[in-house]
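Engineer:
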Amino acid sequence: MTLAMHYSERAVVVGLRELDMGEITLFGQSRPHNLAQMLGYMPQDSALLNLLTIVESLQYFAMIYGMDESEIKKRIDFLTGFLDLRKINNVVRTLSGGQKKRVSLAIAMIHNPRILVLDEPCVGLDTLLRQRIWGYLSDLSKNYGVTIIVSTHYLEETKHCDTVGLMRGGRLLEEDNPSSLLRKCKVETMQEAVLHLCRQDEVNLFAEKFESQNVTKLVSSARLSIKASRKNNIHAMCPPRAKSNHAKIIQALNLKWLTRRRRDWRLLFGELICPILLSLIFKNIVGPEPHGVKFGIIHNDPSFNINDPTCNYNNATKCFENVGLCDFLQNFETDKFTWIHVNAYHDGIRLVEKGDLLGIVEFPANFSLHMRNRMLQRNFADNKTIDGSTLPVQMDESNKILSGWARKIIMDKYLMFIENIAAACSFNVSISKPGLQFRAIYGSIELFDVISSFKPGVIMLHVFLFPMGVAVIWMEDRVIGFEGREYIAGVHLSHRIISAIFSQSCIILIQIGIFLGVMYNFYDVEIKGSWVLAVGLIYSCGITGLILGVMIAALCNRMLDLIFILIMLAPGQLFWTGAIWPPEMAPWIVRQVFAFVPITQMIKALRSICTRGWGITNPVVAMGFLPAVGWITVSLIVLVLAERRRYK
């Protein structure tokens, strides 16, 4: 049986939509459990994956249908020869529109289905090939009892059908055998018949009444029944498959992901190259201390020459012989600061304002003399001595990290300068030290060791965000119609999720190895706790990002919407998760909200494992795994609901 049908009806038959009312039965069942094995679907668009070759596309769907290797080879040889697809190793994206159409038709027929649903199967094909295809379809219908549902704008081709339905404005104008339809309209061609029916519909005085009453009644009681023909033994051509082979479906999906990663440089760059680059960039830009910071020196000592190489080697050990400018400057590492002589205070301020210098240090006149007197007089030093031994420092504070580092270095070197003077004169060195002493229980008190607290957060952010890129691939498949075609073939949400988790798990573990390997072996990242616990926590973070990403993709209808949401999420994670800035500095209500962000607790847990050595028995570490469980569960529920809504 061959008939023509509208898109919405085809969508219901193949399972992409549900009926609002009425009934469709296939072989006596409303929806057979093995419909995917009995049905072959060819959409109007090619709905092919551009990265696969012709033979890979056919093998992919054949595996989904559960066919064995010998059967797959036999069908591929026949279909590629019949449809004139000689270069079967050509990638789909290099094919012409007509070639893609033929590949799409071959996929629909690869498993010898009992029902064929074809949308414009011969568009873009030459006349001889169209005749050959229609001859083959007629043979399938008449001699093997295959039901073929066709949508076509080539009206003369409908003569091959047993039943033709003509629709206009969402209403069925006529449904009959092509020959009967021509006799009824008293015309010789199908084009004339369609024109006659459309004109008759326009002049029908009862059209409005028909639309408002009769059509509603007709649709509400409509039934479409497709039964197997008894002309021939259809099972000889279409061996029944009781149910889907879930293992083969997942295997096919995994092979598709593998092929994608081999041929799509975007995935290779995003999943493997980016982690390496980001690790190197983070450590070499964010991690090291500054070098070559330009600082100005203002002094009134004519004997001092800042460019004199002997200045840095003044190792005087006698009392009060090490109180000069050279003695102060030799405490600085030569690569940290670049000292530039400035003639006057106002010149130095102008250079700072222009951005040529970070700051200026002013050495008062007779600095060495006043410094010696201050060390001798101590608490009894007069104001002149105190002012003459004080170093005014003015800096550009617009870059707080850089200016804070410079302030700490200058302060530390000044205290070292005082200690050296005290030691040379056999004074009690502890007098020159501050009255407070800070010691770290966990971590370090050094200023730039704050980067160590960033690293767990940076690792978690990257591992969380990279898998979310899979959402773009899912959306791309949906936009080109490939996802719908897979669904009709029997690929359900559970198959896609399992395959995504399996294939992405390999990538996540590689990324974890890259991040931890680079940072641990080359940049002194320390993991004091359990490595297994740390890797497990990072892995759960990656899977959470994966499931959350595909959930967002399921809720979006356009690629642009998805990309905007992902772009919005990426920078936001830096600030509301505590990866860079402590969440304790936010208002109480904001902290409570941000605590529910997926990776906030995970970052705290990983930081505790790495720097504190805490185990799973600690509540902070245990709480790090709960968001993964919660967000994965919620995302899966939303995914299922979104899937049901899409195919309703």
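Sequential numbering from 170 applies to the sequence shown in my numbering. Virtual Cβ for every residue (Gly too), placed ideally from N, Cα, C. Since the model is a prediction, treat every value here as computed from it, not as a measurement.
#1: Report yes if the C-beta distance between Gly524 and Ala575 is below 8 Å; otherwise report no.
#2: Pick out whichever of Glu502, Met236, Ala703 and Gly465 has its Cα sitting closest to the Cα of Asn414.
#3: Measure the alpha-carbon distance for Asp698 versus Ser777 and round it to whole angstroms.
#4: With a CB to CB cut of under 8 Å and the five nearest residues on each side skipped, what residues in its chain are close to Val884?
#5: May I have the straight-line CA-CA distance separating Glu325 from Glu440, to the nearest angstrom?
#6: In the structure shown, what three-state DSSP assignment does Arg340 receive?
#7: At 4 residues or longer, what runs of the alpha helix (DSSP H) sit wholly inside the region 639-670?
#8: Going along the chain, which residues of its own chain have a beta-carbon closer than 7 Å to the beta-carbon of Trp508, five neighbours each way excluded?
#9: Pairing CB atoms from the region 642-651 with CB atoms from the region 719-732, are three or more of them under 8 Å?
#10: Using C-beta distances below 6 Å, list every residue in its chain close to Arg262, excluding the 5 sequence neighbours before and after it, in chain order.
#11: Under a Cβ-count criterion, where at least 16 other Cβ atoms within 10 Å of its own Cβ denotes burial, should Leu545 be classed as buried or exposed?
#12: Please state if the CB of Val319 and the CB of Leu287 are separated by a distance shorter than 8 Å.
#13: Quick one: which unbroken alpha helix (DSSP H) runs of 4-plus residues sit fully inside the region 488-546? Chain order, please.
#14: Check whether the Cβ atoms of Phe501 and Cys594 sit closer than 8 Å, and answer yes or no.
#15: Can you check whether the CB of Tyr234 is closer than 8 Å to the CB of His280?
#16: Reducing DSSP to helix, strand and coil, say where Asp308 ends up.
#17: Can you grab the Cα-Cα spacing for the pair Thr554 / Leu520, in whole Å?
#18: Counting only the same chain and skipping the five closest in sequence on each side, list residues whose C-beta sits under 7 Å from that of Cys367.
#19: Which residue comes first and which comes last in the beta strand (DSSP E) that contains Asp288?
#20: Which residues mark the beginning and the end of the alpha helix (DSSP H) in which Ile785 is found?
#21: Ignore the nearest five residues each way along the sequence and tell me which others in Glu225's own chain have a CB closer than 7 Å to its CB.
#22: Considering only C-alpha positions, which residue in the set Thr713, Ala669 and Leu662 is nearest to Met629?
#23: First and last residue of the alpha helix (DSSP H) that includes Tyr708?
#24: I need the DSSP call for Gln606, collapsed to helix, strand or coil.
#25: Only counting the same chain, and skipping five residues up and downstream in sequence, which positions put a Cβ closer than 8 Å to that of Asp433?
#26: Count Cβ pairs between the region 782-791 and the region 751-762 that sit closer than 8 Å; are there 3 or more?
#27: In chain order, what residues of the same chain have a beta carbon less than 6 Å from the beta carbon of Leu274, not counting five sequence neighbours either side?
#28: Report yes if the CB atom of Ile614 is closer than 8 Å to the CB atom of Ser601, and no otherwise.
#29: Are the CB atoms of Gln761 and Gly793 within a distance shorter than 8 Å?
#30: Does the separation of the CB atoms of Val363 and Asp345 fall below 8 Å?
#31: Less than 8 Å separating the beta-carbons of Val562 and Ile578?
#32: Asn131 to Val492, Cα distance in whole Å?
#33: The alpha helix (DSSP H) with Tyr229 in it runs from where to where?
#34: Span of the alpha helix (DSSP H) holding Phe623?
#35: Buried or exposed for Trp783, going by 16 or more other Cβ atoms inside 10 Å?
#36: For Leu285 versus Val272, is the C-beta spacing smaller than 8 Å?
Structural biologist: According to the structure shown:
#1: no
#2: Met236
#3: Looking at the sequence provided, one finds Gly at residue 698 rather than Asp. If I take the Cα positions, the gap works out to 8 Å.
#4: This structure gives no information on residue 884, because the portion of the chain shown stretches from 170 to 817.
#5: 52 Å
#6: strand
#7: 639-648 and 651-658
#8: Phe464, Ile466, Ile475 and Leu498
#9: yes
#10: Asn219
#11: exposed
#12: yes
#13: 494-498, 514-523 and 536-546
#14: no
#15: yes
#16: Helix.
#17: 29 Å
#18: Counting only Cβ-Cβ distances below 7 Å, and skipping sequence neighbours, we find Arg337.
#19: Ile284 to Asp288 is the extent of the beta strand (DSSP E) around Asp288.
#20: Neither: Ile785 is in no alpha helix (DSSP H) and is coded neither H nor E.
#21: Thr428
#22: Thr713
#23: Looking at the DSSP string, the run of the alpha helix (DSSP H) that includes Tyr708 is Trp700 to Leu724.
#24: coil
#25: Leu220
#26: no
#27: Met211 and Pro290
#28: Cβ atoms of Ile614 and Ser601: not closer than 8 Å.
#29: No; because the gap between Cβ atoms is not below 8 Å, this pair is not in contact.
#30: no
#31: no
#32: Nothing about residue 131 can be reported from this structure: the residues present for the chain run from 170 to 817 only.
#33: Ile223 to Ile233
#34: Start and end: Val619 to Leu634.
#35: buried
#36: no
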